[in-house]
Amino acid sequence: MKVSYIFSFFLLFFVYKNTNTVVCDNGYGDLAATSALTTVIKDPISLTIKDIYEHGVKNPFTKIIHKLKKFIRYRKVLRWSRMWWVLLVREIVGDNTIEKKTEKCYTNCVSIQHK
């Protein structure tokens, strides 16, 4: 950690020594120096904080939310596919015994759906 502080201080000193100072009557030289310091120091820190937020906070929560949405969607699809399967079997097979069994299953599925 201390090495990075020393390196950043050295980098700041190097940039300061190699920067041409613009002297103007209107005082725009201070504005140029301020924007240069903002570009060198403030922007990388804010980008680092933004990256930490994105990868450490935002991404895990969005992954959890997407998994929950997928699970709920899968349950709905599974329920509807069971009902369509029962209806398909009732259409194909005209046998009363199988139709009664599927009717029993269908009423159970419908009662579960309305709960």
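Going left to right, the sequence shown walks through residues -21 to -1, 1 to 94 as mature numbering (1 follows the signal peptide of the UniProt record, and there is no 0) numbers them.
Note that CB positions come from ideal geometry on N, CA and C, so glycine has one too.
| field | CA-to-CA distance, Leu(-11) to residue 152, given in whole angstroms | value | With the chain running from -21 to 94 in the structure shown, residue 152 is simply not present.
| field | Alpha carbon of Lys29 to alpha carbon of Val(-7), nearest angstrom | value | Taking the first residue of the sequence shown as 1, we reach residue 29 at position 50. Taking the first residue of the sequence shown as 1, we reach residue -7 at position 15. Each residue's alpha carbon lies about 25 Å from the other.
| query | What number of angstroms, rounded off, separates the C-alpha of Lys42 from the C-alpha of Leu57? | reply | Locating residue 42 in the sequence shown gives position 63, counting from the first residue. Locating residue 57 in the sequence shown gives position 78, counting from the first residue. In a straight line, the C-alpha of Lys42 is about 22 Å away from that of Leu57.
| Do you know how far the Cα of His34 is from the Cα of Ile(-16)? | Indexing the sequence shown from 1 puts residue -16 at position 6. Indexing the sequence shown from 1 puts residue 34 at position 55. If I take the Cα positions, the gap works out to 28 Å.
| request: Output the distance between the C-alpha atoms of Phe(-13) and Lys(-20), rounded to the nearest integer angstrom. | output: Against the sequence shown, residue -13 aligns to sequence position 9. Against the sequence shown, residue -20 aligns to sequence position 2. Distance between the alpha carbons of Phe(-13) and Lys(-20) is about 11 Å.
| For Lys46 and Tyr53, the rounded distance between their alpha carbons | Working through the sequence shown from its first residue, we reach residue 53 at position 74. Working through the sequence shown from its first residue, we reach residue 46 at position 67. Computed Cα separation, rounded: 10 Å.
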